[in-house]
Every structure is written in C-alpha cells, then in structure tokens.
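Asker: Here it is, the structure in full.
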Amino acid sequence: MIDLNHGSGCLYDHATPPATIASAVSAAIDLALVARNRSERPRTYVSSSGLGRDCLRQIQYDFLAVPKDEDQEFAPKTLRIFEAGHRGEDIVAGWL
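Heads up, the sequence shown is in this note's numbering, so the first residue is 45 and it goes up one at a time.
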C-alpha cells in the first residue's frame with residue numbers, strides 16, 4: 045500500500061507491497077509536489093485563511109507578496125496536507 049500520509053500506519057490488508065515500491069512512489073509524489081509548489085506564482089491577494097492570522101505583519105507580507113526566505117520551503121508532508129485540504133475544499137464547494 046502507498047502511504048499517502050507518511051507513516052500513518054494505515055494498512056488495508058496484510059498483503060502490502062514491499063516497502064521499496066511504496067517508498068519510491070512516495071518519493072516521486074514528494075518530488076512532484078515540491079516542483080509544483082516551486083513553480084506557482086506568488087499570490088496577489090490575502091487568502092481567507094490568511095486573514096485569521098494573529099500576526100498583522102504576516103498578513104501585510106502576504107498582501108505585498110514578499111518572497112519567503114531562502115531554504116524556508118514547505119516540507120513535502122505539509123504540501124500533502126495542503127493538497128488534501130484543497131481537494132476537500134473543491135468537494136465542499138461543489139456541494140454548495
């Protein structure tokens with residue numbers, strides 16, 4: 045089984061594929077998510093979730109599209125969480 049949540053421990057059956065295959069697929073997913081994240085253009089708006097931040101400076105940085113510090117990219121695990129949230133948001137928006 046491919047572990048889409050990095051170590052969730054979820055097993056659907058006992059006949060799981062060798063860890064090397066699952067690790068290779070997970071690594072490929074991570075590379076694709078990181079590459080896509082790097083290729084995205086900076087936002088030109090403050091997201092609705094960004095408005096709820098406690099730090100007004102961060103909201104202003106978001107509004108001005110200030111680049112993130114070098115070497116401060118999101119970890120692949122975080123990108124997976126964001127992806128799941130985006131997919132969930134699409135589903136809920138479709139229901140409305």
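Heads up, the beta-carbon is just placed ideally off N, CA and C, and yes, glycines get one too.
For the ligand NAP, I want to know if Ser70 counts as a neighbour, meaning its beta carbon is within less than 7 angstroms of at least one of the ligand's heavy atoms.
Answerer: The ligand NAP is not among the ligands present in this structure, which contains no ligands whatsoever.
Asker: Counting beta carbon pairs with one atom in the region 107-120 and one in the region 128-137, are three or more of them shorter than 8 angstroms?
Answerer: The answer is no - the region 107-120 does not touch the region 128-137, with fewer than three Cβ pairs under 8 angstroms.
Asker: Can you tell me where the alpha helix (DSSP H) holding Pro120 begins and where it ends?
Answerer: Segment Pro120 to Trp139, the alpha helix (DSSP H) holding Pro120.
Asker: Assuming Thr88 and Ala109 make a contact with CB atoms under 8 angstroms, what is their CB distance in whole Å?
Answerer: 6 angstroms between Cβ atoms; contact.
Asker: For Ala66 and Gly138, I'd like the C-alpha separation in whole angstroms.
Answerer: Near 32 angstroms, if we compare the C-alpha coordinates of Gly138 and Ala66.
Asker: How many angstroms separate the CA atom of Ile135 from the CA atom of Ile103?
Answerer: Cα to Cα, the separation comes out at about 27 angstroms.
Asker: Since Asp106 is in the alpha helix (DSSP H), which residue starts that stretch and which ends it?
Answerer: That run of the alpha helix (DSSP H) goes Leu100 to Phe107.
Asker: Restricting to Cα atoms, I'd like to know which of Arg97, Leu95 and Ala79 is closest to Ala119.
Answerer: If we check each option's Cα against that of Ala119, Ala79 comes out closest.
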